[in-house]
Amino acid sequence: MADEVAPVAAAAAALLGNSHHKWFLSLDCECTGRIVPSGPNGELELAPIFAIGCAIGGFNKVTGGLALMPGYDKRLSFAPAANQFDASTREFWDKNQGVLDELSMNANCVDERDLMRTFWDHWNKVVQAFPGITVVSDCQAFDVGYLLERVHRSAYPLAPMMTMQPLPGGGDCRFVNTYDAGTLEKNTRAMFGQAAIDKIYDAAPVKHTHDPLEDAINTLYMMEGCSRLSGFSLADIDRKDTA
Numbered sequence: 025m026a027d028e029v030a031p032v033a034a035a036a037a038a039l040l041g042n043s044h045h046k047w048f049l050s051l052d053c054e055c056t057g058r059i060v061p062s063g064p065n066g067e068l069e070l071a072p073i074f075a076i077g078c079a080i081g082g083f084n085k086v087t088g089g090l091a092l093m094p095g096y097d098k099r100l101s102f103a104p105a106a107n108q109f110d111a112s113t114r115e116f117w118d119k120n121q122g123v124l125d126e127l128s129m130n131a132n133c134v135d136e137r138d139l140m141r142t143f144w145d146h147w148n149k150v151v152q153a154f155p156g157i158t159v160v161s162d163c164q165a166f167d168v169g170y171l172l173e174r175v176h177r178s179a180y181p182l183a184p185m186m187t188m189q190p191l192p193g194g195g196d197c198r199f200v201n202t203y204d205a206g207t208l209e210k211n212t213r214a215m216f217g218q219a220a221i222d223k224i225y226d227a228a229p230v231k232h233t234h235d236p237l238e239d240a241i242n243t244l245y246m247m248e249g250c251s252r253l254s255g256f257s258l259a260d261i262d263r264k265d266t267a
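Heads up: the sequence shown is residues 25 to 267, going by this note's numbering.
Shown next as structure tokens:
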């Protein structure tokens, strides 16, 4: 694996022109939305995630500019059954049927377990190539928190739990560097208004389409636009916890 990822990591550093950069793994997930019983006490949880988008971007500490690493882009999906969707989610995908059809026709996984194992293989390549990388999304509780829970439950139940926060009472877990792009957008909107947010999205080369890969890339462009507008340097984000 080291032989595979080292040249890409070196190319990434050269792309930014110096060592002063911060890497982000942007994630976006899609779920059927169905609520199903789980656990000995009948707890409820969301149904399987059926699509994941992964994109990597680096922010330069000197220029503030964003550099994408398309060699690490991933769009992973399996074709969900029609009866897996609940009413509200079915209505959503009826409005975005073209995206759902594309995810189903181009599915590269057979079920959620296969999806999570494939994602986890990619995750491990990414964290080796970009040590200390920070995971971002526009909905952390779902795209990061719930995704890592599904990795643990459906694919690797005996592995240490990956969490954004310490587990109650301790437990065997590893912490994940995260940053909430949704809060960054919310704060920027509060300071500069919705029109400023609309300009950032309009200027983004990749739009928010509900395709998980395109949405993951769009999140990185949104972060760049918000940071430039507010003067907040994303490249200065640093935490001791690492994935």
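Ideal Cβ positions, reconstructed from N, Cα and C, are used throughout, including at glycine.
Cut-off 7 angstroms between Cβ atoms - residues of its own chain near M129, not counting five sequence neighbours on either side: Position 105 of the sequence shown holds residue 129. None.
Own chain residues within Cβ distance below 7 angstroms of T142, not counting five before or after: Counted from its first residue, the sequence shown places residue 142 at position 118. Taking T142 as the centre and dropping the five residues before and after it, the same chain places the C-beta of L100, C133 closer than 7 angstroms to its C-beta, in chain order.
Whole runs of the beta strand (DSSP E) within the region 102-176, excluding any shorter than 3 residues: Taken in chain order, the unbroken stretches of beta strand (DSSP E) that lie wholly in the region 102-176 and span 3 residues or more are 158-161.
Boundaries (first-last residue) of the alpha helix (DSSP H) holding D226: Here residue 226 corresponds to residue number 202 of the sequence shown, with the count starting at 1. In this chain, the alpha helix (DSSP H) harbouring D226 covers 218-227.
Beta-carbon proximity check, L237 vs D118, cutoff 8 angstroms: Here residue 237 corresponds to residue number 213 of the sequence shown, with the count starting at 1. Here residue 118 corresponds to residue number 94 of the sequence shown, with the count starting at 1. No, Cβ-Cβ distance for L237 and D118 is not below 8 angstroms.
Coil, strand or helix - M186 by DSSP: Residue numbering aside, residue 186 sits at position 162 when the sequence shown is read from its first letter. Assignment of M186 by DSSP, reduced to helix, strand and coil, places it in the strand class.
I241, enclosing alpha helix (DSSP H) - first and last residue: For the purposes of this step, residue 241 is identified with residue 217 of the sequence shown, where counting begins at 1. 236-254 is the span of the alpha helix (DSSP H), which, as asked, contains I241.
Contact under 8 angstroms by Cβ, L171 with I73: On the sequence shown, residue 171 is found 147 positions in, with the first residue counted as 1. On the sequence shown, residue 73 is found 49 positions in, with the first residue counted as 1. Using a Cβ distance threshold of 8 angstroms, L171 and I73 count as a contacting pair.
6 angstroms CB neighbourhood of Y245 in its chain, flanking five on each side removed: On the sequence shown, position 221 is the one that residue 245 refers to. Excluding positions up to five away in sequence, the list reads A228.
Status (buried if at least 16 other CB within 10 Å, exposed otherwise) for L40: Taking the sequence shown and counting its residues from 1, one reaches residue 40 at position 16. Any reading at L40 must be qualified, since the residue scores a pLDDT of 45, below 50, and its modelled position is unreliable; no value is offered.
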